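Notes follow the structure.
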Amino acid sequence: MMTKPMMKTKLMMTKTMMKKKKNEWSLATRFIHIKNGLSLTDINQCSWRTSTEPAGPHLRHPGTAAGPAAGAARAPRLLPSCDTSTTGSETRWNGSTLHHNLHFTPPAPKEQIPFCRGTEEIASAYMLTIKTTIRLQTNVAETHRDNQTKGIYFTQQFETQAEPVRVLVTGAAGQIAYSLLYSIAKGDVFGKDQPLILVLLDITPMMTVLEGVVMELQDCALPLLREVIPTDKEEVAFKDLDVAILVGSMPRREGMERKDLLKANVKIFKSQGAALDKYAKKTVKVVVVGNPANTNCLIASKSAPSIPKENFSCLTRLDHNRAKSQIALKLGVAANDVKNVIIWGNHSSTQYPDVNHAKVNVKGKEVGVYEAIKDDSWLKGDFIVTVQQRGAAVIKARKLSSAMSAAKAICDHVRDIWFGTPAGEFISMGVISDGNSYGVPEDLLYSFPVVIKDKTWKFVEGLPINDFSREKMELTAKELTEEKETAVEFLSSA
């Protein structure tokens with residue numbers, strides 16, 4: 004969750020709620036002790052009242068099903084009351100911590116002031132999430148004492164910080180993860196204000212390498228990175244996850260048949276799916292990168308029946324980005340001037356890069372890609388083959404598979420899940436085919452054009468499909484159906 008920036012807020016308590024009892028001041032259930040007129044030493048069971056109505060429904064008491072404390076009926080703007088216990092300068096607040104930095108100036112003769120005065124929605128500081136740490140810094144505080152009144156006037160700043168997002172990356176000692184982890188940890192995916200816990204899973208022989216990765220992450224001194232957990236144990240890796248990025252898989256070795264590759268990966272993704280089912284949050288978002296990504300994702304989903312199918316997706320964003328790049332290179336424009344390309348089907352050489360619905364900004368004017376390029380033979384020939392074979396071309400040139408571009412695509416994919424797609428744009432993701440309107444068989448993990456809002460994807464509906472596209476879409480669906488049938492056989496015997 005993105006957090007709001009530091010904001011200044013002022014507290015206001017009405018005079019009618021103020022009572023004097025020795026050196027204590029009571030505001031409803033809020034008690035503030037004043038020692039020598041200069042410092043706050045205790046805050047207990049506080050109920051805050053704001054000067055403006057909070058936006059949205061009334062907050063519930065953190066950690067309970069009950070609403071606000073007694074008094075809400077006569078004071079509907081009362082924020083939830085909460086028990087606190089104070090040790091020194093730290094105030095415990097229902098599992099969250101309210102840290103105080105209080106700076107006082109000696110009181111000068113002034114007119115009497117109310118106990119707390121000021122306006123502005125303190126409620127907004129709490130509307131972000133009930134699972135939040137609030138750091139409180141008091142900029143200005145003054146005390147005033149005479150025979151009639153003890154009081155404090157103070158201006159406060161609230162900096163709210165969300166609970167850390169717990170992210171798993173498997174194959175964490177590998178080259179894709181090496182490029183990926185830094186981007187996640189510095190805020191490129193979940194936002195520049197979102198704390199993170201990174202969980203790094205790899206096989207036991209890679210743990211020494213993984214220790215080096217952990218040291219590098221620590222040495223980056225990244226402010227968002229709260230913890231790094233390296234492990235070779237699934238029960239540790241999959242515990243309480245918000246996001247799982249499954250990069251690790253069995254690579255295809257020389258002489259290995261595709262059937263053998265599927266069999267090896269069914270075992271891996273059945274185990275990881277079961278671990279997700281047992282240990283992860285039911286809201287976890289799962290992104291499968293390890294190849295064959297579509298079928299591996301389907302197996303993981305089938306092995307985690309308590310997690311919605313819609314929470315699983317596989318990476319075809321790399322192919323999507325490759326298609327955008329080829330169009331941009333052809334036209335001499337920036338890649339971000341191209342939008343709404345589509346990758347249909349499998350993350351393999353049968354995938355269909357489709358630009359029939361794509362747009363490009365040329366000299367400030369948005370036009371269709373076919374109209375801009377005016378070369379149908381290239382768009383139906385070399386363009387498609389280049390995107391389909393790009394991974395193999397990288398391996399041939401580099402002697403290693405794509406890593407930097409794959410990591411960038413993973414970041415794009417997960418960021419769009421987290422924050423949604425821009426208005427008027429759609430992206431390509433491998434998702435469960437159930438309920439699609441394009442004639443793709445159900446129960447396949449197939450790449451479609453989707454839009455995302457509130458962390459939920461939807462098919463882009465109603466795109467016209469010509470005969471050329473239909474043939475390409477059916478070809479890649481056929482390959483995925485065959486992969487699925489083989490994998491399901493292995494799943495039942497694994």
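Quick note, the sequence shown lines up with residues 4 to 497 if you use my numbering. Yeah, the Cβ is synthetic: ideal placement off N, Cα and C, and Gly gets one too. These numbers were taken from a predicted model, which means no experiment stands behind them.
Assignment of R169 by DSSP, reduced to helix, strand and coil, places it in the strand class.
Distance from the CA of S436 to the CA of L483, rounded to the nearest whole angstrom, comes to 11 Å. Inclusion of R169 and V192 in the CB contact set at 8 Å is not warranted, their separation being larger than that value.
Ranking R418, F429 and E474 by CA distance to the CA of K362 puts F429 first. Under the 8 Å Cβ criterion, the stretch 203-222 does not count as touching the stretch 253-271, having fewer than three qualifying pairs. Short of 7 Å from the beta carbon of N439, and not among the five residues preceding or following it, lie these beta carbons of its own chain, in chain order: F451 and F462. In terms of CA proximity to K262, P295 leads the group T173, P295, V341 and L184. In the DSSP assignment, F315 falls within the beta strand (DSSP E) that extends over F315 to C317.
V344 is not a Cβ neighbour of A331, given a cutoff of 8 Å.
Contact between D322 and H350 holds: CB atoms are separated by about 6 Å, below the 8 Å threshold. Within the DSSP bridge table, the entry for A247 names L171 and V289 as partners.
Put simply, the backbone Cα of K402 is about 34 Å away from that of L244. Residue pairing by DSSP places L264 opposite no residue, since no beta bridge is assigned to it. Among the bridge pairs identified by DSSP, D446 is matched with none.
Here V212 carries a helix assignment [DSSP, helix/strand/coil]. Per DSSP, the continuous beta strand (DSSP E) segment holding E230 begins and ends at L228 to T234.
For K456, the beta-bridge partners assigned by DSSP are T459. Assignment of E238 by DSSP, reduced to helix, strand and coil, places it in the helix class. Partner residues in the beta bridge of M432, as assigned by DSSP, are F451.
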